[in-house]
Amino acid sequence: MTFADHPCFAAGTPGVFTRGEACASLSASIAKTPEAREAFLALGDPHDPARRARALAVLDALPPKLQAKIATMEARP
(Lines of atoms letter the chains of each structure in order from A and count residues from 1; the text may use other names and numbers.)
(Lines give C-alpha, C1' and ligand atoms only; values in the text may rest on other atoms or scores of the structure.)
Protein backbone atom coordinates (compact mmCIF):
# COMPACT_ATOMS: atom_id res chain seq x y z
CA MET A 1 0.00 0.00 0.00
CA THR A 2 1.20 3.50 -0.79
CA PHE A 3 0.26 6.57 1.20
CA ALA A 4 -1.95 7.68 -1.70
CA ASP A 5 -4.07 4.56 -1.07
CA HIS A 6 -4.57 5.43 2.60
CA PRO A 7 -8.18 6.45 3.42
CA CYS A 8 -6.90 9.84 4.55
CA PHE A 9 -5.78 10.68 1.01
CA ALA A 10 -7.98 8.47 -1.20
CA ALA A 11 -10.40 10.50 -3.30
CA GLY A 12 -13.25 8.06 -2.76
CA THR A 13 -13.16 8.00 1.06
CA PRO A 14 -16.80 8.34 2.10
CA GLY A 15 -17.86 10.59 4.92
CA VAL A 16 -16.25 13.31 6.98
CA PHE A 17 -15.87 11.10 10.04
CA THR A 18 -14.24 8.23 8.14
CA ARG A 19 -11.63 10.56 6.63
CA GLY A 20 -11.08 12.36 9.93
CA GLU A 21 -10.60 9.12 11.84
CA ALA A 22 -8.18 7.77 9.23
CA CYS A 23 -6.16 10.99 9.26
CA ALA A 24 -6.05 11.09 13.07
CA SER A 25 -4.68 7.57 13.13
CA LEU A 26 -2.07 8.40 10.48
CA SER A 27 -1.14 11.62 12.30
CA ALA A 28 -0.43 9.65 15.46
CA SER A 29 1.97 7.42 13.53
CA ILE A 30 3.62 10.37 11.80
CA ALA A 31 4.07 12.17 15.12
CA LYS A 32 6.38 9.37 16.25
CA THR A 33 8.69 10.11 13.30
CA PRO A 34 10.41 13.50 13.75
CA GLU A 35 11.60 13.54 10.12
CA ALA A 36 7.95 13.67 9.03
CA ARG A 37 7.00 16.65 11.18
CA GLU A 38 6.07 18.74 8.14
CA ALA A 39 3.52 16.09 7.10
CA PHE A 40 2.16 16.00 10.65
CA LEU A 41 1.62 19.77 10.59
CA ALA A 42 0.02 19.65 7.15
CA LEU A 43 -2.52 17.10 8.36
CA GLY A 44 -3.69 19.54 11.03
CA ASP A 45 -6.83 20.05 8.96
CA PRO A 46 -7.51 16.77 7.16
CA HIS A 47 -10.55 18.18 5.38
CA ASP A 48 -8.53 20.78 3.48
CA PRO A 49 -7.54 19.17 0.16
CA ALA A 50 -4.48 21.40 -0.26
CA ARG A 51 -3.13 20.43 3.16
CA ARG A 52 -3.77 16.74 2.50
CA ALA A 53 -1.92 17.08 -0.81
CA ARG A 54 1.02 18.76 0.95
CA ALA A 55 1.15 16.03 3.59
CA LEU A 56 1.06 13.34 0.91
CA ALA A 57 3.89 15.04 -1.00
CA VAL A 58 6.02 15.18 2.15
CA LEU A 59 5.33 11.54 2.97
CA ASP A 60 6.11 10.43 -0.58
CA ALA A 61 9.42 12.34 -0.46
CA LEU A 62 10.59 10.54 2.68
CA PRO A 63 13.23 7.82 2.31
CA PRO A 64 11.69 4.36 1.83
CA LYS A 65 12.90 3.22 5.26
CA LEU A 66 10.97 6.02 7.00
CA GLN A 67 7.91 5.40 4.84
CA ALA A 68 8.01 1.75 5.89
CA LYS A 69 8.39 2.73 9.54
CA ILE A 70 5.29 4.95 9.40
CA ALA A 71 3.31 2.32 7.47
CA THR A 72 4.24 -0.33 10.02
CA MET A 73 3.14 1.86 12.94
CA GLU A 74 -0.09 2.65 11.09
CA ALA A 75 -0.82 -1.04 10.54
CA ARG A 76 -0.60 -1.86 14.25
CA PRO A 77 -3.89 -1.93 16.14
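Residue numbers (our numbering): 96 to 172. We put the beta carbon where it would ideally sit given N, CA and C, even for glycine.
Asked	Found
Pick from Gly115, Ala163, Glu169 that is closest to Pro141, judged by C-alpha positions	Gly115
CB of Phe104 within 8 angstroms of CB of Arg149, strictly	no
Nearest to Lys164 (by Cα), restricted to the options Leu136, Glu133, Ala99, Ser124	Ser124
Close-in-space but distant-in-sequence residues of the same chain around Thr128 (CB under 7 angstroms, 5 per side omitted)	Leu161, Lys164, Ile165
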